[in-house]
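> Residue numbers (our numbering), protein chains in the order written: chain P, 1 to 116; chain F, 1001 to 1115.
For each residue, glycine too, the CB sits at the ideal point set by N, CA and C.
#1: Of all the residues that make up the region 1055-1080 of chain F, which are near chain P by a beta-carbon distance shorter than 9 angstroms?
#2: Just tell me which of P:104, P:69, P:17 and P:43 has its CA closest to the CA of residue 24 of chain P.
#3: Given a cut-off of 8 angstroms on the beta-carbon distance, is the pair residue 10 of chain P and residue 22 of chain P in contact?
#4: With 7 angstroms as the C-beta to C-beta threshold (strictly closer), list the residues of the region 1011-1033 of chain F near chain P in chain order.
#5: Report, in whole angstroms, the separation of the C-beta atoms of residue 2 of chain P and residue 93 of chain P, which I expect to be a contact under 8 angstroms.
#6: Helix, strand or coil: how does DSSP classify residue 62 of chain P here?
#7: Name the chain F residues that come within less than 8 angstroms of residue 142 of chain P, Cβ to Cβ?
#8: Go ahead and pull the three-state DSSP assignment for residue 83 of chain P.
#9: Look up residue 1002 of chain F in the DSSP assignment and give the residues it is bridged to.
#10: Name the chain A residues whose beta carbon is nearer than 9 angstroms to that of residue 1008 of chain F?
#11: From the beta carbon of residue 49 of chain P, is the nearest beta carbon of chain F less than 8 angstroms away?
#12: What are the start and end residues of the beta strand (DSSP E) that includes residue 1048 of chain F?
#13: What residues of chain F sit near residue 59 of chain P, judged by a beta carbon separation below 7 angstroms?
#14: Helix, strand or coil: which one does DSSP assign to residue 1083 of chain F?
#15: Taking only three categories from DSSP, how would you classify residue 1023 of chain F?
#16: If the criterion is Cβ atoms closer than 8 angstroms, does the pair residue 1081 of chain F and residue 1003 of chain F meet it?
#17: Please name the residues in the region 23-51 of chain P whose beta-carbon is closer than 9 angstroms to at least one beta-carbon of chain F, in chain order.
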């Protein structure tokens, strides 16, 4: 069965410092991986996705993610954190077990807190 | 292009009642999925519709149902509400169904509170 794990419930970082939000996955076959961000009382906003090709994926708002097949990881990164990046971040993988489906399997989320 | 819209944004109901939530996908998108978000269970897949047909269903009781109309708009219904149904219900749209690389775009959600 497909799954994703976000091992950290919360990540604290000072403004201006680099940030990393971790995600590991377990899938059969090639993974299709996504990162979303959720601000309070809002829906999920798409940040970036890995389909195939370059292991470094660039996305919205200066975020990028590094796909590592040997470590089955897809960590979200940003070189310089902003206070406005403080939000809940979700890693997700496309469910490959049920045929042609759009179903996403989400991690438990990581709360990013950026201190001024 | 307008994003995914969901109505209403907030709902308060009492146990035993039923509720209908609405979702309008991004223009041109024909696939709609629904998710339930709770603090305890996180984000869980409810069901997925494409061309007015349910293509996939998550592990939820039969009290949860949905449908999709010819204009791709979707509704979900929860009957005989329970306290545990209190959650943020999120709708997501994508161009078509079954394309693995396709991105799902989410609406702002409907916050349902069951008293």
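Quick answer:
#1: 1055, 1056 and 1058
#2: Mapped onto the first chain, residue 24 of chain P falls at position 24. Ranking the options by Cα distance to residue 24 of chain P, first place goes to P:69.
#3: By one-based count along the first chain, residue 10 of chain P stands at place 10. By one-based count along the first chain, residue 22 of chain P stands at place 22. No, the pair does not count as a contact, with Cβ atoms beyond the cut-off.
#4: 1031 and 1033
#5: Taking the first chain and counting its residues from 1, the one referred to as residue 2 of chain P is at position 2. Taking the first chain and counting its residues from 1, the one referred to as residue 93 of chain P is at position 93. The Cβ separation is near 5 angstroms, so the contact holds.
#6: Translated into the one-based positions of the first chain, residue 62 of chain P becomes position 62. If DSSP states are grouped into helix, strand and coil, residue 62 of chain P belongs with the helices.
#7: Absent from the model: residue 142 of chain P. The displayed extent of chain P is 1 to 116, so no value can be given.
#8: Locating residue 83 of chain P in the first chain gives position 83, counting from the first residue. Here residue 83 of chain P sits in helix by DSSP.
#9: To locate residue 1002 of chain F, count along the second chain from 1; it is residue 2. Looking at the DSSP assignment, residue 1002 of chain F forms no beta bridge with any residue, so it has no partner.
#10: Considering every chain present, this structure includes no chain A. Its protein chains are P and F.
#11: If you number the first chain from 1, residue 49 of chain P lands on position 49. Interface residue, yes.
#12: The residue you call residue 1048 of chain F lines up with position 48 of the second chain. First-last of the beta strand (DSSP E) with residue 1048 of chain F: 1042-1050.
#13: Reading the first chain from its first residue, position 59 is the one you call residue 59 of chain P. Here the premise fails: no neighbours, minimum Cβ distance about 11 angstroms.
#14: Start at 1 with the first residue of the second chain, and residue 1083 of chain F comes out as number 83. Three-state result, residue 1083 of chain F: helix.
#15: Stepping through the second chain from its first residue, residue 1023 of chain F is reached at position 23. Correct three-state label for residue 1023 of chain F: strand.
#16: The residue labelled residue 1081 of chain F in the question sits at position 81 within the second chain. The residue labelled residue 1003 of chain F in the question sits at position 3 within the second chain. Against a cut-off of 8 angstroms, the Cβ pair of residue 1003 of chain F and residue 1081 of chain F comes out as no contact.
#17: 30, 32, 34, 36, 38, 41, 42, 43, 44, 45, 46, 49 and 51
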